[in-house]
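FYI, the numbering for the sequence shown is 9 to 218, going by our numbering. See structure below.
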Amino acid sequence: MVSLPLDIWSSDDEPRLGVVLDEIWTLLEEGVSDRRHGFHTPVAATMRDSAGAAMRTVVLRHVDRESRCLHFHTDIRSQKVDDLKKDPRISFLFYDRGAQTQLRVDAIATVSHDDTVAAEAWKKLTPDCRREYLVSEHPGKPSAWPTSGLSPELQDRDPTLEESEKGYPEFAVISATFSHLEWLYVCHEGHRRARFDWSKGELDTTWLVP
Ligand SMILES: Cc1cc2nc3c(=O)[nH]c(=O)nc-3n(C[C@H](O)[C@H](O)[C@H](O)COP(=O)(O)O)c2cc1C
């Protein structure tokens, strides 16, 4: 049987928006598992007094449909953690060229550090992924020379499993629970845009003029 492509073109009814939401979750899940997928590296924006919105690329590590939650990892000493302690609002921007899809997500973040969430995620990381948590100074600290922040013995090799454990105190998981999604599909025939909003409890959906 030949599966039909997503038919969103002539529709303005609710069920088709359900199909779009399903497609969004598929893209997010692909973003976690496929390093080459555009959704693997969203831009995450926090609020910062001196900057308005402070943006940076992160790696999407986990998504959960039930709780509408996205996870990424970070260094507890990084500026974004300070931003989130002052204001837990966080927004994500995803774009995948192949899927011709942009997604904007507004969420509220919690920081997990030295707890069961962080410990579970840490256990799954290989020593080479843990290497970045072995930098001795806090990320963003000015340096008189171009530096990786790593000690000389780790400049040219991955840490052993035992060495990598020293990074755990700096490791944190950011969990972002969202109540607002905006989807934009870009294509030659005419773009399509839709909003999904759970802020009043029930899901509220609407098509938008792109
Ligand atoms: C491809 C790519 C992936 C990145 N992934 C992460 C990440 O998952 N977590 C993270 O904290 N920083 C990640 N970074 C670095 C951030 O973009 C940023 O430079 C760093 O976290 C400092 O941000 P802050 O000073 O706003 O905290 C990544 C950068 C790139 C280019």
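Even for Gly, the Cβ is constructed at its ideal location relative to N, Cα and C.
Asp91: which of Ser75, Ile116, Thr155 sits nearest, CA to CA?
The candidate whose alpha carbon is nearest that of Asp91 is Ile116.
Measuring straight from C-alpha to C-alpha, what distance separates Arg44 and Gln87?
Each residue's Cα considered, the two are about 27 Å apart.
Which value, in whole angstroms, describes the spacing of the CA atoms of Ser172 and Thr214?
Using only the alpha carbons, I get a separation of about 48 Å.
Pairing CB atoms from the region 146 to 153 with CB atoms from the region 187 to 206, are three or more of them under 8 Å?
In short, these stretches do not touch, since the Cβ pair count stays below three.
Give the secondary structure of Val217 by DSSP, where H, G and I count as helix, E and B as strand, and everything else as coil.
Looking at Val217 - three-state DSSP - the assignment turns out to be coil, as it is neither helix nor strand.
Please list the terminal residues of the continuous beta strand (DSSP E) segment that includes Ser172.
Unbroken run through Ser172 is the alpha helix (DSSP H), 169 to 172; no beta strand (DSSP E).
Considering just the uninterrupted stretch of the beta strand (DSSP E) at Thr109, what are its terminal residues?
109 to 121 is the extent of the beta strand (DSSP E) around Thr109.
With DSSP as the reference, identify every bridge partner of His70, one or two as the case may be.
His70 is bridged to His79.
State the start and end residues of the unbroken alpha helix (DSSP H) segment that holds Thr49.
No alpha helix (DSSP H) contains Thr49, which DSSP labels as neither H nor E.
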